[in-house]
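Asker:
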Amino acid sequence: MKRLFNRPIPDLKIIILAILLIGGIGYYLYSTVRHFQAVNQLDEAKTIMRDIQNLLGWSILQPQADAIQVCNLQNIQQISKQEEFQKFKQLLGWNVNIQQHSKYVESINVYAAPDLHGCIIRAHFREDAFVSDELAGKYITYQYDFKKSTTTCVTNIKKYALVKSCTRL
Numbered sequence: 007m008k009r010l011f012n013r014p015i016p017d018l019k020i021i022i023l024a025i026l027l028i029g030g031i032g033y034y035l036y037s038t039v040r041h042f043q044a045v046n047q048l049d050e051a052k053t054i055m056r057d058i059q060n061l062l063g064w065s066i067l068q069p070q071a072d073a074i075q076v077c078n079l080q081n082i083q084q085i086s087k088q089e090e091f092q093k094f095k096q097l098l099g100w101n102v103n104i105q106q107h108s109k110y111v112e113s114i115n116v117y118a119a120p121d122l123h124g125c126i127i128r129a130h131f132r133e134d135a136f137v138s139d140e141l142a143g144k145y146i147t148y149q150y151d152f153k154k155s156t157t158t159c160v161t162n163i164k165k166y167a168l169v170k171s172c173t174r175l
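The numbering of the sequence shown is my numbering, which starts it at 7 and goes up by one.
1) Judging by CA-CA distance, which residue of Ala51, Phe131, Tyr117 is the nearest neighbour of Cys125?
2) Name the residue from Tyr150, Ser138, Glu112 whose alpha carbon lies nearest to the alpha carbon of Thr38.
3) Ends of the beta strand (DSSP E) at Arg13?
4) Which of the three DSSP states, helix, strand or coil, is assigned to Tyr33?
5) Flag this pair as yes or no: are the beta carbons of Ala24 and Phe131 separated by less than 9 Å?
6) Among residues of its own chain, excluding the 5 on either side of Ser108, which ones have a beta-carbon nearer than 8 Å to its beta-carbon?
7) Strictly by DSSP, which residues pair up with Arg128?
8) If you reduce the DSSP assignment to three classes, tell me which class Val137 lands in.
9) Is Tyr148 closer than 9 Å to Gln47 when the C-beta atoms are compared?
10) Using CA atoms only, rank isn't needed, just tell me which of Pro120, Asp121, Leu122, Ile127 is closest to Ser113.
11) Indicate the three-state DSSP secondary structure (helix, strand or coil) for Ser155 in the structure shown.
Okay, structure coming up:
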């Protein structure tokens, strides 16, 4: 360490290293918070979609149910108000809340699959400032095939850590 005017001059390498270390830790904390914010927003959409899926499973068991009738959001909302379903929901302790939009989700669309063997549920995220950059304007789709008893997930969300189980476009 050199001396200037009887004061020690700190080594420039140590100062630069400390600044880089503090900046790196700050960016790590910022990106971690942003990631968990995106995860919470995606979970909100998945919860709404899961509630709709529960009602789809119930409604497909109804007599004379076909995919076009079952895969209709208005019909799903009516089924959620039926007394028989209310008793079943209470028995299982379900908290089913059918919504068409929320704070982060612009719209939820439910429609029959092209082959009429299942339903497609698609959630579109808002393009607002409070929606995570990884989700803004994107969508996530679940296709339920009642004949094969399979579920397929398709999305245009680019960040792999958010949608590991989905096929990304």
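C-beta atoms are modelled at their ideal positions from N, C-alpha and C, and glycine is treated no differently.
Answerer: The short version:
1) Answer by Cα proximity: Tyr117.
2) Considering only alpha carbons, the answer is Ser138.
3) Element bounds for Arg13: 13-15.
4) Tyr33 falls in the helix class under three-state DSSP.
5) In this structure, Ala24 sits away from Phe131, with a CB-CB distance that is not shorter than 9 Å.
6) A distance below 8 Å between beta-carbons, with the five flanking residues on each side excluded, links Ser108 to the following residues of its chain, in chain order: Glu50, Ala51, Ile54.
7) In the DSSP output, where bridge partners are listed per residue, Arg128 has Asn115, Thr147.
8) Reduced to three states, the DSSP call for Val137 is coil.
9) The answer is no: Cβ separation not under 9 Å.
10) When only C-alpha atoms are compared, the closest one is Ile127.
11) Three-state result, Ser155: coil.
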